[in-house]
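Sequence positions in the sequence shown follow this note's numbering and run 547 to 761. Just so you know, even glycine gets a beta-carbon here, dropped at the ideal spot from N, CA and C.
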Amino acid sequence: MLNKQENTKAKEAWLSIFKERESELNALKAHANRAEKLVENSVNKEGAKEPKVEHIPPIIAENKPISELITPVQNSIRTETLYASFWLRFSAYLIDFLLVGVVYYFFSMISGGITNAKILWVVPVWLYCALMESSVKQATLGKMAVGIIVTDLDGQKITFGKATGRYFGKFISGILLCAGYIMVAFSSKKQGLHDMMAGCLVVKHDTKASSNVPS
């Protein structure tokens with residue numbers, strides 16, 4: 547009889563503990579539901595805005611070549627123009643004079659006299675100078691020997707017409723004791739009168755032809 551009473555009390559005790567735990571669990575669930583509703587209400591509240599995320603442009607745009615995306619860096623180093631000095635140009639003249647002089651001597655013997663040779667020889671010498679200086683070499687044989695070339699004011703190869711104007715301008719430079727030639731020694735760009743008239747420069751071959759050449 548006593549054992550039955552003890553068992554009954556034990557069951558009642560366990561039931562009481564279970565009910566307490568169940569009530570605590572229900573209270574926690576209710577609290578969680580209330581918290582969830584509060585969060586939903588705050589999000590859905592009228593006038594509430596979602597966080598604004600600014601558009602960040604892509605680093606590399608689609609369907610665009612990489613060459614258009616890279617900003618070229620200009621080279622700030624300017625190539626120094628090495629103008630040919632008076633004596634360097636004079637040395638080139640002497641070499642051309644000797645080469646042309648040999649041909650001129652034989653030509654004069656064939657043409658029947660020095661006087662006729664002088665008149666007829668103007669055309670071959672003009673063609674020699676104009677064709678050579680407007681060619682890819684940009685120089686006569688004498689200029690090649692000393693390492694100088696003829697360019698325009700932008701450092702580019704001159705045309706045959708410009709080379710022709712430069713050649714016949716030498717006749718004007720020779721007037722008044724070759725004053726037009728002597729100007730080479732004193733002008734800032736080492737230009738003779740015939741160079742200025744034709745818009746030409748005589749520079750060392752080491753000078754790279756570029757738009758950086760002063761005009």
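Of the residues V648, E582 and W672, the one placed nearest G715, counting alpha carbons only:
Translated into the one-based positions of the sequence shown, residue 715 becomes position 169. Ranking V648, E582 and W672 by Cα distance to G715 puts W672 first.
In terms of DSSP beta bridges, what is V749 paired with?
The residue given as residue 749 occupies position 203 in the sequence shown. Answer by DSSP bridge pairing, in chain order: Y629 and I695.
Coil, strand or helix - K683 by DSSP:
The sequence position of residue 683 within the sequence shown is 137, counting from 1. K683 sits in coil when the DSSP states are folded into three classes, being neither helix nor strand.
Quick one: give me the first and last residue of the alpha helix (DSSP H) that G715 is part of.
Stepping through the sequence shown from its first residue, residue 715 is reached at position 169. DSSP places G715 in the uninterrupted alpha helix (DSSP H) bounded by F706 to S719.
Can you give the Cα-Cα distance for V692 and K735, rounded to whole angstroms?
The sequence position of residue 692 within the sequence shown is 146, counting from 1. The sequence position of residue 735 within the sequence shown is 189, counting from 1. Rounded to the nearest whole angstrom, the C-alpha separation of V692 and K735 is 18 Å.
Euclidean distance between Cα positions of M729 and S681:
Position 183 of the sequence shown holds residue 729. Position 135 of the sequence shown holds residue 681. Here the alpha carbon of M729 sits roughly 26 Å from the alpha carbon of S681.
Check this for me: beta carbons of S719 and G738, under 9 Å apart or not?
For the purposes of this step, residue 719 is identified with residue 173 of the sequence shown, where counting begins at 1. For the purposes of this step, residue 738 is identified with residue 192 of the sequence shown, where counting begins at 1. A distance below 9 Å separates the beta carbons of S719 and G738.
Could you check if I694 is buried or exposed, using at least 16 other CB atoms within 10 Å of its CB as the buried criterion?
Within the sequence shown, residue 694 is the residue found at index 148, counting from 1. With at least 16 other beta carbons inside 10 angstroms of its own, I694 counts as buried.
M742 lies in the alpha helix (DSSP H); which residues open and close that run?
The residue given as residue 742 occupies position 196 in the sequence shown. Annotation for M742: the continuous alpha helix (DSSP H) segment containing it runs L739 to A744.
On the premise that T705 lies in contact with Q684, defined as a C-beta separation below 8 Å, what is that separation, rounded to the nearest angstrom?
Locating residue 684 in the sequence shown gives position 138, where the first residue counts as 1. Locating residue 705 in the sequence shown gives position 159, where the first residue counts as 1. In fact, because the Cβ distance is near 11 Å, the residues do not count as touching under 8 Å.
Member of E679, T627 and S654 whose CA lies at the smallest distance from the CA of K750:
Taking the first residue of the sequence shown as position 1, residue 750 is located at position 204. Answer by Cα proximity: T627.
Sub-9 Å separation of R712 and A676 beta-carbons
By 1-based counting over the sequence shown, the position of residue 712 is 166. By 1-based counting over the sequence shown, the position of residue 676 is 130. It is a contact, given that the beta carbons lie within the stated cut-off.
Rounding to the nearest angstrom, what Cα-Cα distance links L584 and R567 in this structure?
Locating residue 584 in the sequence shown gives position 38, where the first residue counts as 1. Locating residue 567 in the sequence shown gives position 21, where the first residue counts as 1. Cα to Cα, L584 sits roughly 26 Å from R567.
Helix, strand or coil at G726 [DSSP, three-state]:
As a position in the sequence shown, residue 726 is number 180, starting the count at 1. G726: helix per DSSP, three-state reduction.
Secondary structure of F652, DSSP reduced to three states
The residue labelled residue 652 in the question sits at position 106 within the sequence shown. F652 carries a helical assignment under DSSP once its states are collapsed to helix, strand and coil.
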